[in-house]
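Sequences listed follow chains A and B, in order. In short: position in the first sequence from 1, add 50, done, that's my numbering. In short: position in the second sequence from 1, add 50, done, that's my numbering.
Protein chains: 2
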Amino acid sequence: MLDIDWEKAEASISGEVLSAAVEALQDVLGVEHVKSLPGDVDVLSRSTLPQSRRPSAVVYPSTAEEVAAVVGIARRYGIPLWPCSRGRNWGYGSATPVVGGSVVVVLERMDRILEVNDELAYAVVEPGVTYRQLRNHLEAKHPELWCDCTDGTPQGSVIGNALDRGLGTTHYADHFATLCGLEVVLPTGEIVRTGGGVPGCKTWHTHKWGVGPYAEGLFSQSSLGIVVKAGVWLMPRPEAFVSFTFDLARPETLPELVDIIRDLALTGVVTSAVHLINDVVSLAVMSQYTPDQLRRFSRLPEEELAPMRAHFGIARWSFGGGLQGRRAFVRAAKRELRRRLAPLGRLVFVDDRTIGLVRRLLVWRQNPLWRGPVDWAVRAASGKSPEMLAAAPEIHDVLKGVPSDYFVRHAYFKSPLPKPRDAHPDRDGCGLIWFAPIVPMTGSHVRFMVDLCEAEFKAFDFDFYVALLIQNPRSMIVLTAIFFLKDDPVQCDRAAALYGSLSRKTADAGYQSYRVSTAGMTTLSEKNPEFFEMMSRIRRAIDPDGVLAPGKYGFR
Amino acid sequence: MLDIDWEKAEASISGEVLSAAVEALQDVLGVEHVKSLPGDVDVLSRSTLPQSRRPSAVVYPSTAEEVAAVVGIARRYGIPLWPCSRGRNWGYGSATPVVGGSVVVVLERMDRILEVNDELAYAVVEPGVTYRQLRNHLEAKHPELWCDCTDGTPQGSVIGNALDRGLGTTHYADHFATLCGLEVVLPTGEIVRTGGGVPGCKTWHTHKWGVGPYAEGLFSQSSLGIVVKAGVWLMPRPEAFVSFTFDLARPETLPELVDIIRDLALTGVVTSAVHLINDVVSLAVMSQYTPDQLRRFSRLPEEELAPMRAHFGIARWSFGGGLQGRRAFVRAAKRELRRRLAPLGRLVFVDDRTIGLVRRLLVWRQNPLWRGPVDWAVRAASGKSPEMLAAAPEIHDVLKGVPSDYFVRHAYFKSPLPKPRDAHPDRDGCGLIWFAPIVPMTGSHVRFMVDLCEAEFKAFDFDFYVALLIQNPRSMIVLTAIFFLKDDPVQCDRAAALYGSLSRKTADAGYQSYRVSTAGMTTLSEKNPEFFEMMSRIRRAIDPDGVLAPGKYGFR
């Protein structure tokens with residue numbers, strides 16, 4: 051029934067069919083929850099990618115039954131759907147579909163926290179629930195429970211990020227791994243509970259595998275169903291928490307550091323996510339291109355970077371993480387980190403008391419009379435800049451799973467706009483593509499991949515932003531960001547070309563991405579045709595008309 | 051093409067078709083690797099269940115290509131297959147199929163350890179590789195790596211147990227969770243690698259989710275493919291290891307103990323599997339029915355149990371587990387366990403040195419002159435019997451992941467045969483069915499389930515064997531075993547009836563099993579029809595002729 055031109059990645063839908071479909075959608079959802087006016091669709095079509103596809107309409111169902119009705123209408127009229135939770139998938143395509151003309155299904159109205167179980171430490175949420183909403187709810191009502199978050203926007207969807215297998219900041223960072231018990235609307239309209247159990251099965255949200263085949267994986271990075279409810283495991287508020295930051299003294303010892311981190315992770319000393327970042331990441335968060343730099347550079351040369359690093363007190367490589375648990379464990383972990391890391395650089399532990407002091411210093415600093423002395427004292431005591439001082443509480447908090455708008459402002463590194471308080475890179479026309487290959491966590495694999503990417507970024511004349519993130523104790527995500535000027539067509543094209551080149555070269559070298567932007571999805575199936583053929587058979591069985599998110603993660 | 055009478059769970063295959071199929075199988079595999087003589091099939095049809103289905107033949111392919119050829123022949127002749135790794139699924143059906151007349155595909159000849167990666171701590175193995183084989187290989191060639199095992203037979207398959215989502219003994223106990231990167235022969239003969247990556251993808255065995263939908267769950271507790279190769283995560287040999295045993299002073303505080311265990315697990319103090327067992331479990335391992343008891347009882351009354359408990363020094367409830375990791379962490383965990391558990395009973399830590407001493411005592415004890423004094427000293431010092439002394443090294447070792455024949459001898463609790471050195475309950479006609487519901491890990495859920503099961507065991511006049519196992523920090527498996535006299539048709543029928551009653555009553559109360567015996571599979575789909583309908587669609591897409599393991603985990 052669907053008519054998709056895959057060359058152009060466009061669905062052809064006649065005006066009459068679209069009008070009839072929109073009317074049917076309005077009947078079910080109410081006129082106010084179906085946006086099809088060009089202006090409205092324009093707003094929803096924004097993304098930070100060089101190019102993204104334009105949907106034909108955007109709809110906002112509020113219940114599982116409404117979602118099922120939307121699916122039914124899509125099948126009847128032969129229109130592809132593109133579900134998203136809140137559309138904050140910045141740098142990976144935001145709310146825009148792989149196939150132009152799709153109807154985007156935004157689930158933000160389904161934003162209820164349905165249950166929080168204090169004893170068993172889980173919540174049951176709808177896809178519209180954001181990190182901030184969940185955290186605020188826990189702080190107010192269940193202070194003994196913490197949730198994880200990403201260092202992206204607090205407005206991101208807990209379920210959406212987990213289904214795209216995003217990574218957080220604490221020891222619950224593998225978000226997909228913390229999902230347990232899904233309710234899914236299938237592309238044929240049925241509502242299915244995973245886990246095989248009886249209705250209301252008591253372990254639905256405590257026992258991941260259920261009985262029979264474990265099927266929840268099918269709904270991650272996929273187009274097989276629309277998840278409308280999920281259990282999310284929460285962590286008990288730890289007895290003790292400290293965060294740490296480490297500045298690597300000599301960049302050439304990066305592989306050695308990676309091997310140490312693997313060992314610390316494999317032996318359970320470090321269980322949290324680790325963010326091992328290069329200088330450009332730190333600069334992107336704390337600073338941005340000056341208007342003069344914007345005119346002169348597409349990539350900041352070392353002569354520009356060196357003084358910026360010096361000004362902010364930034365190392366070439368630094369990393370941060372959290373230690374949590376019983377007091378004695380945190381003490382033991384601190385000792386172990388000191389023993390292993392001190393020979394390689396500068397390690398600083400930060401606890402809540404220190405952060406209290408920092409916050410007071412930051413208040414004093416608002417008084418112009420005090421600013422000079424405070425900055426001098428901070429530099430003398432820690433070698434850090436005032437900007438680094440301001441960053442400290444943000445880093446400490448996000449490592450506890452408290453979401454923050456602070457880090458996502460990195461998207462404005464190369465923006466002509468000043469960094470806003472409420473970052474919204476789509477709205478503000480920032481150019482950003484994430485490219486995120488994953489490698490075995492060894493010094494040599496990481497070295498190889500960092501070198502490969504760095505050479506590509508250099509060849510295409512873009513700043514090399516790279517963060518190394520523990521996905522699990524055996525694998526590290528090499529998260530790179532391409533920042534480009536979105537209103538410069540030359541930079542847009544070059545950014546897209548760099549993305550394509552990175553995709554090809556890393557695949558040729560035997561690596562895959564942990565997560566892919568809509569721009570990189572269409573070529574995935576070439577890489578493992580047998581796997582994609584198997585999954586395509588499954589897709590045809592579950593979605594005979596292929597209405598749900600065609601093109602997502604390579605599935606047509 | 052398949053002709054199955056589901057009422058009888060029998061495939062009807064004519065003699066000519068079977069002969070032709072056997073000939074085709076012999077052509078591919080060699081005559082010696084196709085067993086279809088009644089005597090041979092008899093041996094393979096044994097199980098510890100009250101009733102099991104008889105296969106029509108048993109075949110032993112040695113490569114993925116041979117497995118694919120077997121699948122092709124099954125499709126051509128319309129014969130169902132029942133794959134198993136080594137057939138040691140004792141108490142769950144061993145090597146016998148759900149549908150009589152199936153050809154059993156035993157993968158024991160595929161027993162190569164293809165790779166061990168020291169740095170990244172994983173192995174790549176074939177399904178015939180056993181726990182003992184892997185452990186011996188590591189001890190000889192990779193002493194810095196440990197693998198997990200079960201407390202079942204050392205001859206069990208590492209992959210087979212993991213795919214059935216079996217549970218081990220260490221902090222890598224969730225065996226399915228430690229699988230990473232599968233090679234699978236589909237029912238249509240294609241060979242597929244999971245993970246979506248390029249051939250030879252470097253993270254195939256380090257990054258579980260791959261890219262695109264996570265599909266490995268489809269091959270666990272299922273009939274969707276035959277796994278012929280898998281990555282298995284191994285643990286670095288810990289710097290420190292101690293095991294502990296705890297005897298609960300007052301049985302009525304069991305719920306309190308469960309709540310403490312949950313807290314210890316959720317906060318990362320206890321990361322290993324925990325075996326919280328009742329008196330019958332301990333007695334089943336260390337002792338057995340006397341001939342007199344066998345004549346008199348189907349269930350040992352309290353008057354019989356009490357003196358046995360006293361003789362062996364066994365508590366009503368006891369539990370054991372391992373603490374591993376950096377020395378300081380183990381010290382901290384010991385302190386924490388002492389603080390939490392000491393008020394409820396008697397806690398004993400055991401390290402390698404103590405076990406060395408125990409082994410020496412056990413040697414001295416072989417001298418009749420020393421036996422008396424040693425036993426007296428042991429009782430005086432620890433309150434333990436000589437049999438408990440003999441058990442200590444076995445418990446300590448299995449908690450380190452060293453497989454042992456010791457515990458599986460519990461299957462002979464009610465056998466007229468003495469416990470053999472090489473336990474093989476199928477061979478020796480032991481009667482055993484596992485029934486293993488899973489509950490949220492709270493004192494009240496565990497209390498409810500234990501009481502429910504205990505009442506059923508009592509009503510059906512069988513000993514109540516129950517072990518409570520941590521599946522994850524939020525879920526506990528209530529593993530019960532029905533021991534019965536296999537050559538007593540009345541006990542067989544009653545055991546089957548108890549199993550049926552347990553299945554119904556736990557499901558009615560809102561619980562599911564974590565794993566199911568072939569005897570309990572056929573009714574699974576009634577409990578969540580939408581889920582099973584979705585999975586059936588997937589099955590039809592992957593196995594259009596339905597040749598692979600029809601009836602397994604409820605899928606026809």
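Glycine included, C-beta positions come from ideal geometry on N, C-alpha and C.
Pairwise C-alpha distance: residue j and residue i
{"i": "Glu-302 of chain A", "j": "Arg-497 of chain A", "result": "10 Å"}
{"i": "Phe-399 of chain B", "j": "Lys-384 of chain B", "result": "8 Å"}
{"i": "Glu-352 of chain A", "j": "Val-500 of chain A", "result": "17 Å"}
{"i": "Phe-379 of chain A", "j": "Gly-178 of chain B", "result": "40 Å"}
{"i": "Cys-251 of chain B", "j": "Gly-151 of chain B", "result": "40 Å"}
{"i": "Arg-421 of chain A", "j": "Ala-427 of chain A", "result": "10 Å"}
{"i": "Asp-214 of chain A", "j": "Arg-136 of chain A", "result": "13 Å"}
{"i": "Gln-183 of chain B", "j": "Val-424 of chain B", "result": "35 Å"}
{"i": "Leu-502 of chain A", "j": "Ala-546 of chain A", "result": "17 Å"}
{"i": "Gln-338 of chain A", "j": "Arg-376 of chain A", "result": "40 Å"}
{"i": "Glu-73 of chain A", "j": "Ser-272 of chain A", "result": "28 Å"}
{"i": "Phe-463 of chain A", "j": "Gln-343 of chain A", "result": "11 Å"}
{"i": "Val-248 of chain B", "j": "Pro-579 of chain A", "result": "9 Å"}
{"i": "Asp-161 of chain B", "j": "Val-278 of chain B", "result": "10 Å"}
{"i": "Pro-418 of chain A", "j": "Met-438 of chain A", "result": "18 Å"}
{"i": "Ser-567 of chain B", "j": "Phe-296 of chain A", "result": "52 Å"}
{"i": "Lys-536 of chain B", "j": "Pro-100 of chain B", "result": "7 Å"}
Nonlocal neighbours in the same chain, by C-beta distance under 6 Å from residue i, ignoring five residues either side
{"i": "Leu-164 of chain A", "result": "Val-174"}
{"i": "Gly-246 of chain B", "result": "Gly-260, Val-261 and Gly-262"}
{"i": "Tyr-456 of chain B", "result": "Glu-444"}
{"i": "Met-51 of chain A", "result": "Gly-128 and Asp-595"}
C-beta contact flag for residue i and residue j at 9 Å
{"i": "Thr-220 of chain B", "j": "Leu-449 of chain B", "result": "yes"}
{"i": "Leu-355 of chain B", "j": "Leu-373 of chain B", "result": "no"}
{"i": "Asp-90 of chain A", "j": "Val-108 of chain A", "result": "yes"}
{"i": "Val-149 of chain A", "j": "Gly-570 of chain A", "result": "no"}
{"i": "Arg-524 of chain A", "j": "Leu-87 of chain B", "result": "no"}
{"i": "Thr-253 of chain A", "j": "Ile-311 of chain B", "result": "no"}
{"i": "Val-308 of chain A", "j": "Tyr-515 of chain A", "result": "no"}
{"i": "Leu-394 of chain A", "j": "Leu-298 of chain A", "result": "yes"}
{"i": "Val-117 of chain A", "j": "Trp-132 of chain A", "result": "no"}
{"i": "Gly-363 of chain A", "j": "Ala-323 of chain A", "result": "no"}
{"i": "Val-528 of chain A", "j": "Thr-203 of chain A", "result": "no"}
{"i": "Ala-190 of chain B", "j": "Tyr-127 of chain B", "result": "no"}
Chain-ordered neighbours of residue i on chain B, where CB pairs are closer than 9 Å
{"i": "Leu-316 of chain A", "result": "Leu-170, Ala-171, Met-285 and Pro-286"}
{"i": "Arg-366 of chain A", "result": "The premise fails here: Arg-366 of chain A is roughly 25 Å from chain B at the closest Cβ pair, so nothing lies under 9 Å."}
{"i": "Leu-333 of chain A", "result": "Residues of chain B passing the Cβ test: none, with the nearest at roughly 29 Å."}
Beta-carbon neighbours of residue i, restricted to chain A and to distances below 7 Å
{"i": "Gly-247 of chain B", "result": "Gln-562, Lys-577 and Asn-578"}
{"i": "Pro-612 of chain B", "result": "Residue 612 of chain B cannot be examined here, being either before or after the span of chain B that is shown, 51 to 606."}
Interface partners of residue i on chain B, CB under 8 Å
{"i": "Ala-323 of chain A", "result": "Within 8 Å Cβ-Cβ: nothing; Ala-323 of chain A doesn't reach chain B, min ~15 Å."}
Close-in-space but distant-in-sequence residues of the same chain around residue i (CB under 7 Å, 5 per side omitted)
{"i": "Ser-348 of chain A", "result": "Asp-511, Phe-512 and Gln-541"}
Close beta carbons around residue i, own chain, < 8 Å, minus the five adjacent residues each side
{"i": "Cys-197 of chain B", "result": "Ala-173, Tyr-181, Leu-184, Arg-185, Leu-188, Val-208, Tyr-222, Val-282, Leu-284, Met-285 and Gly-451"}
Contact list for residue i against chain D, beta-carbon separation under 8 Å
{"i": "Gly-250 of chain B", "result": "Here chain D cannot be found, since the structure's protein chains are A and B."}
Under 9 Å from the C-beta of residue i: neighbouring residues of chain A
{"i": "Gly-216 of chain B", "result": "Neighbours of Gly-216 of chain B on chain A: none; closest Cβ ~11 Å, over 9 Å."}
{"i": "Gly-604 of chain B", "result": "Gly-246, Val-261 and Gly-262"}
8 Å Cβ cut-off: residues of chain A touching residue i
{"i": "His-495 of chain B", "result": "Lys-252"}
{"i": "Arg-587 of chain B", "result": "Ala-591 and Ile-592"}
(request) Within the stretch 343-394 of chain B, note down every full alpha helix (DSSP H) run reaching 4 residues or more, in order along the chain. (result) 352-362 and 377-391
(request) At 3 residues or longer, and completely inside the stretch 219-258 of chain B: list those beta strand (DSSP E) runs for me, N to C. (result) 229-235 and 241-243
(request) Just list the beta strand (DSSP E) runs in the stretch 74-110 of chain B, keeping only unbroken ones of 3 residues or longer that don't cross its boundaries, in chain order. (result) 107-109
(request) Just list the alpha helix (DSSP H) runs in the stretch 107-164 of chain B, keeping only unbroken ones of 4 residues or longer that don't cross its boundaries, in chain order. (result) 114-127
(request) Only counting runs of 3 or more residues, tell me where the beta strand (DSSP E) segments fall wholly within the stretch 463-501 of chain A, in order along the chain. (result) 480-490
(request) Jot down the residue ranges of each uninterrupted beta strand (DSSP E) in the stretch 523-556 of chain B, minimum 3 residues, whole runs only, in chain order. (result) 525-535
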